[in-house]
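Have a look at the structure below, then the notes.
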DNA sequence: AGAGAGTACGGAAATTATTTGGTTTGGCCG
DNA sequence: CGGCCAAACCAAATAATTTCCGTACTCTCT
């Protein structure tokens, strides 16, 4: 396990908020030379702290106005239902996240679709079409109180 | 409503996967001059399709190995419980997402902590300490099947 | 046809990233 | 203690990229 110091954390924190910041400005904000910052960042990437960079898109602008969470329960009769479900979920573009959870149900799915009509289609043609899906409970999001907050690195 | 064409979508798609790609390379991949791509990107940012850029960090590397979802039910006796809960959630660094949902409970909270010990502390000192919280149900994630997939822009 | 908007392009200038080489610091061991 | 090594830092030079500007093309509307 490689440990990181306060400066590294600051770099990660700033980069999480603004992934496209210029190296020189990053260096200025931290109080180190651009060269050092560049070396540190390279190391942070090599050691797997930074997995990549991405643009944050506005889902509403893209016509994806409805966010839903779906609790999925599987039939545990066949041995490979979990595998098959996991694989199918990867290919569904509507599914943004899918987690296997401990508790009352098996999988929690987070998906984005245009509207309720689109959701009904997604539910019927994608989720319920999968073999082994016994039951689902849908929760439509009415208000996104906090959306994709940065990880606490400080 | 401003609509975007196929080239714009391609820009967004690439940028979602690699937010730090050089403009020249982006232009090459799409088959347009860097200048044009720059202009399009500027427009996409101005019109709110791109809200920003961020580094994708590895939560496990940062000691945040446990992902939990918490269903929260509130006491609807006081009129401002929702507001107060929403405000409190913003300041909690463990909370990555919080959504008000329609259905069996009021809020769905997604949080990242180090381990179960840290979660117990978070639950007791942050969530349950809030006035108006009547009941919570916790679901610990055992396996992250799909994590933060890009929005379907194609 | 002509005006205006929108989009595209190439080249020059400004900015930024990366590499190179050298200095300092701190630990380790003969 | 003195020498040695590795890590972190920096300034300067070079390489690459972004931005700015002038121009051309195509649509559409009058």
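Protein chains in written order, with our numbering: chain A, 7 to 160; chain B, 7 to 160. For glycine and all other residues, C-beta sits at the position ideal for the given N, C-alpha and C. Just so it is clear, the structure is predicted and the values come from calculations on it, not from any experiment.
Residue 33 of chain A to residue 9 of chain A span [Cα, whole Å]:
Across the structure, residue 33 of chain A and residue 9 of chain A are spaced so that their CA atoms are roughly 21 angstroms apart.
Less than 7 angstroms between C-beta atoms, sequence neighbours within five positions excluded: which residues of the same chain meet that for residue 14 of chain A?
Cβ neighbours of residue 14 of chain A beyond the five flanking positions: 46, 50.
Assumed close pair residue 157 of chain B, residue 114 of chain A - CB separation to whole angstroms, cut-off 8 angstroms
19 angstroms between Cβ atoms; not a contact.
Nearest neighbour of residue 151 of chain B, chosen from A:57, A:106, A:62 [CA to CA]:
Per the C-alpha coordinates, the member of A:57, A:106, A:62 positioned closest to residue 151 of chain B is A:106.
Residue range of the alpha helix (DSSP H) that includes residue 140 of chain A
Segment 139 to 152 is the beta strand (DSSP E) holding residue 140 of chain A; no alpha helix (DSSP H) there.
Which residue wins for smallest C-alpha separation from residue 134 of chain A, given the options A:95, A:155, A:37, A:153?
Restricting attention to A:95, A:155, A:37, A:153, the CA atom closest to the CA of residue 134 of chain A is found in A:95.
Do you know whose CA, among B:59, B:38, B:144, B:31, lies nearest residue 19 of chain A's CA?
Out of B:59, B:38, B:144, B:31, B:59 has the C-alpha closest to the C-alpha of residue 19 of chain A.
Please identify, using Cβ separations under 8 angstroms, the residues of the stretch 53 to 85 of chain B that lie next to chain A, in order along the chain.
Taking 8 angstroms as the Cβ-Cβ cut-off against chain A, the residues of the stretch 53 to 85 of chain B that qualify are 53, 54, 55, 56, 57, 58, 59, 60, 61, 62, 63, 64, 65, 67, 68, 70, 73, 75.
Mind checking whether residue 119 of chain B and residue 74 of chain B have CB atoms under 8 angstroms apart?
A Cβ-Cβ contact shorter than 8 angstroms links residue 119 of chain B with residue 74 of chain B.
Cβ neighbours of residue 103 of chain A in the same chain (closer than 6 angstroms, five flanking residues each side left out):
Cβ neighbours of residue 103 of chain A beyond the five flanking positions: 116.
Spatial distance of residue 85 of chain B from residue 77 of chain B (CA atoms):
Annotation: residue 85 of chain B to residue 77 of chain B spans about 20 angstroms, alpha carbon to alpha carbon.
How about residue 145 of chain A: is its C-beta nearer than 8 angstroms to some C-beta of chain B?
Residue 145 of chain A has a beta carbon lying within less than 8 angstroms of a beta carbon in chain B.
Starting from residue 59 of chain A, follow its DSSP beta bridges and name the residues at the other end.
Its beta-bridge partners are B:61.
Sequence-distant residues of the same chain with beta carbon closer than 8 angstroms to residue 80 of chain B, five excluded per side:
Hits under 8 angstroms: 87, 88, 91, 112, 113, 138, 139, 140.
Report the rounded CA-to-CA distance for residue 37 of chain A versus residue 23 of chain A, giving the unit in angstroms.
So the two alpha carbons sit approximately 18 angstroms from each other.
Can you name, in chain order, every residue of its own chain whose Cβ lies under 8 angstroms from the Cβ of residue 129 of chain B, other than the five neighbours on each side?
So the qualifying residues of the chain are 76, 142, 144.
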